[in-house]
Amino acid sequence: MFFKNNEVKLCLSNRINEFSGCYRKILFSILLRHGSSYLLEENVGINNFMSDLLEINKNKCNLNLTIQKKEHNFIPKEELRCIFKYKCEDFHVYEIDKNKKILDIEYIKKFCYEENEVKYSNGLFEPKIGDASNKFVGVNKYNLKEEPHENTVEQISVQNEDKNNAENLETEEWVNFVLYKVNKDTQEAIREISKMSDIEIKDFHYSGFKDKRSVSTQIISTNVRNLKKILDIKNYYFNKKIKNLLICKIEKCKKKIELGEHNGNRFIVVLRNIQNYEDYLKNRLNNIKKKGFINYFGMQRFGVYSNTFNKGKALISRNYKDYIRHVLDPCIFEKKLFYGNVVKDNITIFLKNACDIYHKKGAIFAYKYFTSKARKLFDGGLVSDNCVADYDNKLNIRNKSMKKSLYSFMTNSEYEAFMLLRNLYIYENNKKQKQRKKKITENREKYSQNEEENKMDKHKLEEEHNFYENERACVKGISMETRRFHMHSYSAKIFNMLTSYRLQNFGLNLGYGDYFYSKEICSEKNEVKNQHNYISVIYNPNNAKDANIYNVVLPVLGCMPNRLSYLTVFKKLYREYVGKNVRLSFLEILLYLMYTLYTDNLFNDQRDIVIDKYFSYIIRDYRIGDSAVHDAVKLWGEGILRNSISIKETLYIIKKFNSYINSFEYEYGMTCVFRNILVLPKNLYFCFCEYNEPKFYNVKICEESDTKYVDRHFSIL
1 MFFKNNEVKL CLSNRINEFS GCYRKILFSI LLRHGSSYLL EENVGINNFM
51 SDLLEINKNK CNLNLTIQKK EHNFIPKEEL RCIFKYKCED FHVYEIDKNK
101 KILDIEYIKK FCYEENEVKY SNGLFEPKIG DASNKFVGVN KYNLKEEPHE
151 NTVEQISVQN EDKNNAENLE TEEWVNFVLY KVNKDTQEAI REISKMSDIE
201 IKDFHYSGFK DKRSVSTQII STNVRNLKKI LDIKNYYFNK KIKNLLICKI
251 EKCKKKIELG EHNGNRFIVV LRNIQNYEDY LKNRLNNIKK KGFINYFGMQ
301 RFGVYSNTFN KGKALISRNY KDYIRHVLDP CIFEKKLFYG NVVKDNITIF
351 LKNACDIYHK KGAIFAYKYF TSKARKLFDG GLVSDNCVAD YDNKLNIRNK
401 SMKKSLYSFM TNSEYEAFML LRNLYIYENN KKQKQRKKKI TENREKYSQN
451 EEENKMDKHK LEEEHNFYEN ERACVKGISM ETRRFHMHSY SAKIFNMLTS
501 YRLQNFGLNL GYGDYFYSKE ICSEKNEVKN QHNYISVIYN PNNAKDANIY
551 NVVLPVLGCM PNRLSYLTVF KKLYREYVGK NVRLSFLEIL LYLMYTLYTD
601 NLFNDQRDIV IDKYFSYIIR DYRIGDSAVH DAVKLWGEGI LRNSISIKET
651 LYIIKKFNSY INSFEYEYGM TCVFRNILVL PKNLYFCFCE YNEPKFYNVK
701 ICEESDTKYV DRHFSIL
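Numbering-wise, the sequence shown is residues 1 to 717 according to UniProt numbering.
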């Protein structure tokens with residue numbers, strides 16, 4: 001995305017060199033076997049780099065290379081060789097909240113140390129011993145604010161309730177806290193907190209997923225009734241020696257955090273062992289600072305394997321069998337490298353075998369196999385003695401279920417596969433024993449003396465039986481956050497493909513019909529989404545005053561306002577440019593989008609004959625290769641403006657497509673978001689220095705004078 005062909009090499013750590021030659025050969029063969037199946041940038045629409053679009057004189061480049069050879073006495077190689085993500089601490093992701101506050105390490109230190117000046121025991125806040133002022137900075141159930149309080153605390157019980165508190169609970173039903181984690185993704189951290197605090201996983205809400213191999217921070221929301229449990233777990237994690245998970249800045253709020261509500265993320269990236277590439281990197285990064293970069297969705301949005309966006313495509317098309325096939329694909333667990341942890345590795349093997357059994361014998365046999373194996377694993381003492389007992393003794397939490405302990409050892413894909421397998425087991429079991437359940441309910445009604453108890457038991461049995469009545473209900477049993485993540489992954493792939501098409505065919509120039517972000521409000525009435533008020537359309541690039549390539553945007557899949565809808569914009573552009581020899585960027589991108597969704601079996605799922613004939617006629621000679629499809633779309637757009645292609649059929653199809661896109665809001669909760677195709681970084685800093693790793697337990701802040709500049713490590717902020 002940044003450096004064209006000079007891609008960063010993901011080198012293995014130096015420890016591998018210590019292994020024997022035989023072991024190293026085996027390890028490399030494993031990596032090559034698995035690496036061929038990994039998701040590549042080309043698979044998600046990342047086809048261009050900024051240097052491809054800029055007019056760079058080859059003679060100047062060759063001249064620069066000869067100068068570098070003379071000055072540094074080395075031969076530049078075609079690839080930038082370095083070590084990327086040598087440790088998880090080499091990649092930091094700090095969430096930016098609504099108030100544009102960066103939740104970095106210093107932010108976490110400040111609140112963790114201030115809030116833990118008091119000790120929490122038996123549900124009460126007590127002043128720290130030796131603190132004569134009796135001041136504390138912390139949280140309580142009724143006044144969770146950032147500022148310190150100067151009240152003397154004698155006894156504040158979390159369970160106390162009065163009239164004022166009842167009113168507060170009605171208005172403030174949620175609790176926000178900042179979560180700091182090391183080498184854990186969001187869902188993995190949530191599962192661990194759920195196991196330790198006895199809070200249901202579905203009760204946690206967040207704005208997005210953070211990378212696993214990183215140091216990351218983000219805001220999490222949960223119900224105010226879970227406040228005492230959060231306080232318990234907060235102090236437990238703070239007192240641990242290895243602080244790879246921390247909770248701080250707990251405060252009440254009126255609304256939970258939703259997906260995409262944060263203001264962005266701040267990244268710190270460290271490249272190690274870059275050797276003699278300082279001048280090269282400086283030039284490249286200065287070009288990025290001046291010219292910007294293509295705003296693709298990165299690879300972290302799509303996961304490791306291609307089944308992430310394929311799951312999203314299956315969910316959008318309502319092809320639930322295809323979704324089940326992707327989730328319960330045993331190849332996913334075959335390709336996984338083991339951790340060296342007995343419990344985690346065995347769970348992976350059991351799930352892989354369970355998926356094989358599911359495809360051969362069904363969910364009942366598969367689920368029974370996995371649960372029996374997991375129960376033997378947990379009863380063998382591997383989990384209860386080493387992992388859970390220490391937690392129970394410190395927190396006095398004795399009633400830990402096996403399920404929550406099991407969830408904490410699973411990866412995201414494993415947890416999703418297990419939950420889906422459980423839902424399918426209930427569905428098949430209920431279907432198999434339908435008559436038997438009817439007899440049970442009839443017998444309970446006869447012999448039970450309490451009529452109200454009869455009704456409640458009958459209602460519970462009917463609810464359990466009726467919920468998982470088909471495969472669709474089993475898929476709906478997966479959490480909404482997980483399903484939305486897959487759908488957003490597919491929409492991100494579509495955005496990348498549209499961005500590549502726009503830049504390959506129209507370059508860095510403004511096009512006819514480009515959406516762009518304006519500084520002034522463009523809508524006559526307030527749109528549902530505030531961002532839409534500032535989006536306008538370039539109907540004539542020569543008259544566009546405020547528009548430039550850096551505020552040109554493209555829509556991500558979702559419901560659009562009528563003013564910006566595909567049908568409305570197409571009608572205006574067609575009336576103005578019909579019969580003229582111009583290329584409409586809007587029209588070609590729209591045609592390319594419709595064709596892509598049509599070939600993915602999303603658009604025209606009702607099999608409209610007119611739509612089938614239209615697309616088969618247009619793309620009949622272009623079946624292989626992206627460039628051939630691009631040429632076909634170009635001729636397609638020219639034919640519409642020359643009226644060689646029926647305008648009635650075109651309007652009919654665009655109208656159908658427009659209504660299909662607008663259905664995304666109530667079907668999937670997806671509202672269109674406009675995203676820049678190019679970005680000029682506002683805060684890009686880089687230096688060549690001895691990298692001082694920011695750690696939570698480093699209280700002292702390193703001064704600039706203590707930093708030694710060397711040529712081995714490189715950090716980007």
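Heads up, the beta-carbon is just placed ideally off N, CA and C, and yes, glycines get one too.
In this text the structure is predicted, and so the values were computed from the model without any measurement.
Counted within 10 angstroms of its Cβ, other Cβ atoms place residue i as buried (16 or more) or exposed
i	result
N314	It is Ala, not Asn, that sits at residue 314 in the sequence shown. Buried, because 16 or more other Cβ atoms sit within 10 Å of the Cβ of A314.
P681	exposed
Y685	exposed
S616	exposed
E690	exposed
V44	buried
Q433	exposed
V486	Checking the displayed sequence, the identity of residue 486 turns out to be His instead of Val. Answer is buried; the Cβ neighbour count reaches 16.
S221	buried
H532	buried
V552	buried
Whole-Å CB distance - residue i paired with residue j, under 8 Å assumed
i	j	result
Y539	I521	Rounded, the Cβ-Cβ distance is 18 Å, inconsistent with contact.
C672	P555	5 Å
V327	F409	Actually they do not touch by this definition, with Cβ atoms about 19 Å apart.
N662	M497	In fact, because the Cβ distance is near 21 Å, the residues do not count as touching under 8 Å.
D519	N263	In the sequence as presented, Asp is not what sits at residue 519; that position holds Lys. With a Cβ gap of about 19 Å, K519 and N263 do not count as contacting.
K321	E471	6 Å
DSSP-derived helix/strand/coil call for residue i
i	result
C687	strand
K252	strand
F302	coil
residue 747	Absent from the structure is residue 747, since the part of the chain shown begins at 1 and ends at 717.
T568	helix
T411	coil
K181	strand
Q275	coil
residue 721	Missing from the structure shown is residue 721; the chain here goes from 1 to 717 and no further.
Q606	coil
Y206	strand
E89	helix
Q218	strand
E527	coil
F297	coil
N176	strand
I199	coil
P330	helix
C672	coil
V556	coil
S536	strand
F49	coil
Distance, residue j Cα to residue i Cα
i	j	result
Q275	N183	27 Å
D52	H488	28 Å
N223	E638	56 Å
I654	K525	25 Å
E106	N676	31 Å
L245	I83	26 Å
Q606	E665	19 Å
D514	F586	6 Å
F209	K648	44 Å
N604	I611	7 Å
S372	T348	14 Å
N683	K361	56 Å
Y592	L602	14 Å
Y427	F204	27 Å
8 Å Cβ cutoff, residue i in contact with chain C
i	result
K519	The structure shown contains no chain C; it holds only a single protein chain.
(request) Please confirm if the stretch 465-480 is in contact with the stretch 420-428, defined as three or more CB-CB distances below 8 Å between the two stretches. (result) Taking 8 Å as the limit for Cβ pairs, the verdict is that the stretch 420-428 does touch the stretch 465-480.
(request) Check whether the stretch 87-103 touches the stretch 251-267, counting contact only when three or more Cβ pairs, one atom from each stretch, lie closer than 8 Å. (result) yes
(message) Within 8 Å, do at least three Cβ pairs link the stretch 640-651 to the stretch 570-590?
(response) yes
(message) With three or more C-beta pairs closer than 8 Å as the rule, is the stretch 324-334 touching the stretch 350-368?
(response) yes
(message) Under 8 Å: do the stretch 218-233 and the stretch 195-203 share three or more Cβ pairs, one atom per stretch?
(response) Yes: at least three Cβ pairs fall under 8 Å.
(message) Measuring CB atoms only, is the stretch 172-181 touching the stretch 240-259, in the sense that at least three cross pairs come out at less than 8 Å?
(response) yes
(message) Under 8 Å, with one C-beta from each stretch per pair, do the stretch 289-296 and the stretch 209-217 reach the 3-pair mark?
(response) Verdict: no, contact absent.
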